[in-house]
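Trainee: The sequence shown runs contiguously to residue 300 in the UniProt record's numbering.
Cβ coordinates follow ideal geometry from the N, Cα and C atoms, glycine included.
Structure below; questions to follow.
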Amino acid sequence: MDVKRLDLLRELAERGSVTAVAEAAGRTPSAVSQQLKVLEREAGMPLTQREGRGIALTSAGHALARSATEVAVAIARAEALWDEFRNHPSGEVSLLTFPTIGATLLPAVLTDLASVAGLVVHATDLDPEMDEYADLANDHDIVLAHAMPGDLPWGGRGLNAVPLLTEPLDVGLPADHRLAARSHVTADDLVHETWLGVPPGFPFERILHAIEQQAGGRIEVSQRISDMRIIEALIEAGLGIALVPRYTSGPVPPGMVLKPLRGVASARRIVALTRPDVAERLAVRTVLDVLVSRAARLGE
C-alpha cells in the first residue's frame, strides 16, 4: 500500500471529512476521494461508507487508519535516528501557545533555541475553548494546552501530552480590599464578592461553580473577560476580584494582591500536545526539552 494514501486515510480519521483533509493536504476533495478509492481497492474491502452528506470510516477503515499512524510513527522515528546520527535537529517546528503561558515562557524558549543551527520555530497564539485543542494538533507540531485537574479534553485522540507545569490559580484582589491582609482566602470569604469571570465554557468557570457549591451561595459575575491584562486592570480599579494564574501572568501590578484559595481545588495543568509521529522528530523533541526545562523554572 502507498504510504501517502495511508496518510490520507489517517488524516480522514483525525479530521472527519474529505474537505478538511483536502485543505490540510493542499489538494482538491475529488483528488483525495480518488486516492482513498485506490487505497480501498488495494485493501480489498470498504474503508469508508456514506454518512449523511459526508463519509465515515468503516471498522476496517479505522483499523487501517491506526496502522497508518504506526507507519507514520515508524517513518518519523527512522528520520529522527538519522538526525541523531548527524547530531543535527534541523527543520521547522510550528508551536501554538495560549497568551499567558506564551508571554511568560516563549521569550526564554526562543532565546535558548536561537543557538541551534538549522532549527526554526514558528510560534503563534490562540485562546480556544478546550475541546478545540485536539483538533489544533493536526495543524501544529506542538500545541500548548491547559486543563483543570481531572479533565482530559484531548483524551482518546492518541496525542502525546508532555507535562510542563501545574499552576495554582490564586484570587486577585484590589490592594485595599478587606481580605488583602489575609494569608489565604476561602469559598465563604468570596461567594458574595463581585467577580470578574471568563467567557462561558472557559475552564476557569468551573472553579467559580466549585466555590458556589462549597459556600452554598451564588456568585455575581459583573464582567466576562478572556484577556488577563484587562482583568488585572479591572481588579486594580476596584471593580471586582478574579482568578489569576500564579506563575504566568507576569509581575503582580502594584494595585493588586494574590491570595491562595483554600478548600477548593484551584489549579491548571499545562501540557504540550503532539501527534505521535511528530513527537519522534528530533527537532520537535529538542523544542519540547527546552519547554520542559523553562517551565520547570517558573514553579521554582
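#1: Could you tell me which of 205, 212, 22 sits nearest to residue 190, measuring between CA atoms?
#2: Thinking C-alpha only, which one of 210, 4, 159, 203 is nearest residue 127?
#3: For residue 97, which of helix, strand or coil comes out of DSSP?
#4: What is the DSSP secondary structure of residue 199, reduced to helix, strand or coil?
#5: Taking a contact to mean a Cβ-Cβ separation below 8 Å, would you say residue 31 touches residue 11 in this structure?
#6: Would you kindly work out how many angstroms separate the C-alpha atoms of residue 270 and residue 237, rounded to a whole number?
#7: With a CB to CB cut of under 7 Å and the five nearest residues on each side skipped, what residues in its chain are close to residue 137?
#8: Hey, residue 199 and residue 224 are a contact pair by Cβ (cut 8 Å); roughly how many whole angstroms apart?
#9: With respect to the alpha helix (DSSP H) encompassing residue 189, which residues constitute its N-terminal and C-terminal limits?
#10: Buried or exposed: residue 152, going by 16 or more other Cβ atoms within 10 Å of its Cβ?
#11: Based on the DSSP secondary-structure assignment, which residues constitute the bridge partners of residue 256?
#12: Given this structure, state the Cα-to-Cα distance separating residue 53 from residue 61, to the nearest angstrom.
#13: Name the residue from 233, 18, 95 whose alpha carbon lies nearest to the alpha carbon of residue 352.
#14: Cα-Cα, which of 243, 27, 197 is closest to residue 186?
Mentor: Checking against the coordinates, here is how it stands:
#1: Looking only at 205, 212, 22, the smallest Cα-Cα distance to residue 190 is reached by 212.
#2: Cα-wise, what sits closest to residue 127 is 203.
#3: In the structure shown, residue 97 falls within a strand segment according to DSSP collapsed to helix, strand and coil.
#4: In this structure, residue 199 counts as coil in the three-state DSSP scheme.
#5: Judged by beta-carbon spacing, residue 11 lies beyond the 8 Å limit of residue 31, meaning their Cβ atoms are not closer than that value.
#6: When the Cα atoms are used, residue 270 and residue 237 turn out to be separated by approximately 30 Å.
#7: The answer, listed in chain order, is 143, 159, 273, 274, 275.
#8: Contact between residue 199 and residue 224 holds, since their C-beta atoms are separated by about 5 Å, short of 8 Å.
#9: Run containing residue 189: 187-190, per the alpha helix (DSSP H) assignment.
#10: Classification of residue 152: exposed, given that the 10 Å Cβ count is below 16.
#11: Beta-bridge analysis with DSSP links residue 256 to 174.
#12: Roughly 18 Å separates the two Cα atoms.
#13: It is not possible to answer for residue 352, since the shown part of the chain is limited to 1 through 300.
#14: The shortest C-alpha to C-alpha distance from residue 186 to any of 243, 27, 197 is the one to 243.
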